[in-house]
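Same order as they appear, the protein sequences are chains A and B.
Here the first sequence stands for residues 1 to 197, where the numbers follow my numbering.
Here the second sequence stands for residues 1001 to 1197, where the numbers follow my numbering.
The beta carbon of each residue, even a glycine, is placed where N, CA and C say it ideally should be.
Since the structure comes first, as structure tokens, the remarks are kept for the end.
Protein chains: 2
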Amino acid sequence: MRTRRTLVKAAAEEFDRFGYDGTSLSRISTVAGLSIGAVTFHFPSKAQLADAVQEEGRQVTLTALKGLGESPASALSTVVDLTLELARLMEQEPSVRSAIRLGRERPGTAAWSDTWLPCVRELLDQAHEDGQLSSDTVPEDVAALVEYLTSGAEAYLCNRLGSELEFESAVTQLRRVWQVALVGVSADASVRAPLIG
Amino acid sequence: MRTRRTLVKAAAEEFDRFGYDGTSLSRISTVAGLSIGAVTFHFPSKAQLADAVQEEGRQVTLTALKGLGESPASALSTVVDLTLELARLMEQEPSVRSAIRLGRERPGTAAWSDTWLPCVRELLDQAHEDGQLSSDTVPEDVAALVEYLTSGAEAYLCNRLGSELEFESAVTQLRRVWQVALVGVSADASVRAPLIG
């Protein structure tokens, strides 16, 4: 089990940095300090190792979200906290970053958002029922907005990689963006309607 | 010139689909129906061809945005239109999708967002001055939101690729998301403050 964990951890870092095509089992064996025989004993193919990394990223995400489900906060507030937690995971967990990247690069495997989007949808339906969503919006559109904000946090982290500059954390930036999205960009309700034709 | 254009067009499609590492000059020569000698005459290296594709993506974007600058609409409304135009370009222009992907995969080259973000920032400052932004927001945070929404549209298009299902266009979906972002997610101003700790 310990070798397996070491391998999944090393593979998560490699897949995160170099993607599925740019990563080989032999490279992972070097990084993990294990023989190629030990690697293929646990994972006969790169696809199986990638599956394990994606599953690890999903489990890490589910565990982090479990805590939120028990919070007494309002449903809408829980959605905000959930996305901030996702941003923290993206920032700190190579297995989560790998699960995002591999889900995109390996058609037919589960997208990472499948892990948390059903939970967001349920919370938004609850928020709608509880009258927490502004009257002009429907939960479905808010769910799309939540997906967009999460993609934005991910893109922010990707663009930051390799830069030498000091950057604001993804969590802090997402919190600022949420503040705007909750309040609304436009000054005046009467201005809003004609903006979108 | 014509051969050069054929090559940039073929390269844009290849880089868009397979990324920088997954694309070779010989593959591009096959797709373009040109000899490898003709390719290397115009572009001695893959890096030079990628530079030309990124430049093409930028020019296509700048040309599309030029028309918007002349619109008599309000600054905020122009920002919305600008992002919808970006979504249309992402959906329809392989050179734009390539410029996005290559800008991310080739550290040190310009990010595609550098083409339009200065314009967005200027418009948002104008919108702020004109009192079009809601009083609780600052242009800098709205600019971050605009970047997030654009990343969301791009991610939406990426996830859609390879799927057999019929999907809503990225422009239509972004319009729905903007509607929420303009009005604000939260029902009640007094609820908003405590949502973000």
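Neighbourhood of V1008 (chain B) by C-beta, 7 Å cutoff - its chain only, sequence neighbours within 5 removed: One-based indexing of the second sequence puts residue 1008 (chain B) at position 8. If we look at V1008 (chain B) and ignore the five residues flanking it on each side, its Cβ neighbours are A1052, V1053, E1056.
First through last residue of the alpha helix (DSSP H) which encompasses R1175 (chain B): To locate residue 1175 (chain B), count along the second sequence from 1; it is residue 175. Where R1175 (chain B) is concerned, the enclosing alpha helix (DSSP H) stretches over 1170 to 1183.
For A201 (chain A), which residues from the same chain have a beta carbon less than 6 Å from its beta carbon, with the 5 sequence-adjacent residues on both sides left out? The first residue shown for chain A is 1 and the last is 197, placing residue 201 (chain A) beyond what the model contains.
6 Å CB neighbourhood of L1049 (chain B) in its chain, flanking five on each side removed: Taking the second sequence and counting its residues from 1, the one referred to as residue 1049 (chain B) is at position 49. A1011, F1043.
Is it the case that the CB of H1042 (chain B) approaches a heavy atom of the ligand COA more closely than 7 Å? Among the components of this structure there are no ligands whatsoever, and the ligand COA is therefore not found.
Simplified DSSP state of L34 (chain A), which is helix, strand or coil: Start at 1 with the first residue of the first sequence, and residue 34 (chain A) comes out as number 34. Reduced to three states, the DSSP call for L34 (chain A) is coil.
Give, in chain order, every unbroken run of the alpha helix (DSSP H) that is at least 4 residues long and sits entirely within the stretch 84 to 170 of chain A. 94 to 105, 117 to 129, 139 to 160
I want to know whether the stretch 1069 to 1076 of chain B touches the stretch 1120 to 1133 of chain B - three or more CB-CB distances under 8 Å. yes
Quick one: give me the first and last residue of the alpha helix (DSSP H) that T1061 (chain B) is part of. As a working mapping, residue 1061 (chain B) is identified with position 61 in the second sequence. Counting along the chain, the alpha helix (DSSP H) containing T1061 (chain B) begins and ends at 1046 to 1069.
Please classify L1024 (chain B): does DSSP put it in a helix, a strand, or coil? What you label residue 1024 (chain B) is simply residue 24 of the second sequence in a count that begins at 1. One point to set straight first is that residue 1024 (chain B) is Ser, not Leu, in the sequence displayed. DSSP places S1024 (chain B) in coil when its eight states are reduced to three.
Just to confirm my understanding: we take Q1126 (chain B), look at its own chain, exclude 5 residues before and 5 after, and list those with CB closer than 8 Å. What are they? Here residue 1126 (chain B) is taken as the residue at index 126 of the second sequence, counted from 1. For Q1126 (chain B), where only same-chain residues beyond five positions count, the Cβ hits under 8 Å are A1075.
Going along the chain, which residues of its own chain have a beta-carbon closer than 6 Å to the beta-carbon of W1178 (chain B), five neighbours each way excluded? Taking the first residue of the second sequence as position 1, residue 1178 (chain B) is located at position 178. V1080.
Residues in the same chain with beta-carbon distance under 8 Å from C1119 (chain B), minus the five sequence neighbours each way, listed in chain order, please. Counting from 1 along the second sequence, the entry for residue 1119 (chain B) is found at position 119. Same-chain partners within the cutoff: L1065, G1069, L1082.
If we count the other Cβ atoms within 10 Å of its Cβ and call it buried at 16 or more, is P194 (chain A) buried or exposed? On the first sequence, residue 194 (chain A) is found 194 positions in, with the first residue counted as 1. Only weak support exists for where P194 (chain A) lies, its pLDDT of 48 falling under 50; the coordinates are left without a value.
DSSP three-state call for S1074 (chain B): helix, strand or coil? Numbered from its first residue, the second sequence carries residue 1074 (chain B) at position 74. Here S1074 (chain B) sits in coil by DSSP.
Cβ neighbours of R1160 (chain B) in the same chain (closer than 7 Å, five flanking residues each side left out): As a working note, residue 1160 (chain B) is residue 160 in the second sequence. Closer than 7 Å at Cβ, skipping near neighbours: F1167.
For S1098 (chain B) versus F1015 (chain B), is the C-beta spacing smaller than 8 Å? If you number the second sequence from 1, residue 1098 (chain B) lands on position 98. If you number the second sequence from 1, residue 1015 (chain B) lands on position 15. It is a contact, given that the beta carbons lie within the stated cut-off.
Given a cut-off of 8 Å on the beta-carbon distance, is the pair V185 (chain A) and A1181 (chain B) in contact? What you label residue 185 (chain A) is simply residue 185 of the first sequence in a count that begins at 1. What you label residue 1181 (chain B) is simply residue 181 of the second sequence in a count that begins at 1. Contact flag set, yes.
Within 8 Å (strictly less), CB to CB, does A1050 (chain B) reach chain A? In the second sequence, the residue the question calls residue 1050 (chain B) occupies position 50. Taking Cβ atoms only, chain A never reaches closer than 8 Å to A1050 (chain B), which makes this a no.
Element boundaries [alpha helix (DSSP H), containing D1016 (chain B)]: Taking the first residue of the second sequence as 1, we reach residue 1016 (chain B) at position 16. Start and end: 1002 to 1018.
For a contact defined as C-beta to C-beta under 7 Å, what are the partners of V1120 (chain B) on chain A? Locating residue 1120 (chain B) in the second sequence gives position 120, where the first residue counts as 1. Within 7 Å Cβ-Cβ: nothing; V1120 (chain B) doesn't reach chain A, min ~12 Å.
M90 (chain A) versus H1128 (chain B): straight-line alpha-carbon distance, rounded: Within the first sequence, residue 90 (chain A) is the residue found at index 90, counting from 1. Within the second sequence, residue 1128 (chain B) is the residue found at index 128, counting from 1. Answer to the nearest angstrom: the Cα atoms are 32 Å apart.
Do V183 (chain A) and D1136 (chain B) come within 8 Å of each other at the CB atom, strictly closer than that value? Numbered from its first residue, the second sequence carries residue 1136 (chain B) at position 136. Numbered from its first residue, the first sequence carries residue 183 (chain A) at position 183. Contact: yes.
Under 8 Å between the Cβ atoms of T61 (chain A) and A38 (chain A)? Against the first sequence, residue 61 (chain A) aligns to sequence position 61. Against the first sequence, residue 38 (chain A) aligns to sequence position 38. No; because the gap between Cβ atoms is not below 8 Å, this pair is not in contact.
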